[in-house]
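Structure first, commentary second.
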Amino acid sequence: EIAGPDEFFGGQNIVEELWKAHQLVDTTFVGLPIWSNMDTALSLLIQDYVDGKIERFADILPLWEQQVINTMKEFGYDNVIVGRLP
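Heads up: the sequence shown begins at 108 in my numbering, then just goes up one per residue.
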């Protein structure tokens, strides 16, 4: 255990330096509540495919995209960019 200055690390207290570096990084992740709506929509479309209501698996993505756009607009997002990268 290295609990103080160490010659190998140039005389630094590496534990203190690592702790300082650790505090500079925010590792929390916050997801928007609307993401659960999008996940649910995708799950339901996949279930529809499994149940035979959607013929081709490839059709799920465009259907999901439209549902997500509609949901975003319903929740008041007015800056939704469709068909191109922002």
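The C-beta atom is built at its ideal place from N, Cα and C for all residues, glycine as well.
Quick caveat, the model's predicted, so the values are computed rather than measured.
How would you label Leu168, buried or exposed, when you count the other beta carbons within 10 angstroms and need 16 or more for buried?
exposed
Would Leu125 be called buried (16 or more neighbouring beta carbons within 10 Å of its own) or exposed?
exposed
Could you name each continuous alpha helix (DSSP H) segment of 4 residues or more that falls completely within the region 112-189, going from the start of the chain to the end?
121-131, 141-157 and 167-181
If Leu152 and Leu170 are in contact, beta carbons under 8 Å, what's the gap, nearest whole angstrom?
6 Å
With C-beta atoms as the reference, is Phe116 less than 9 Å away from Ile141?
no
Contacting residues, own chain, Cβ-Cβ under 6 Å from Glu172 (five flanking each side not counted)
none
Determine whether the beta carbon atoms of Val175 and Ala148 lie at a separation below 9 Å.
yes
Thinking C-alpha only, which one of Thr178, Lys160, Gln130 and Ile161 is nearest Asp146?
Thr178
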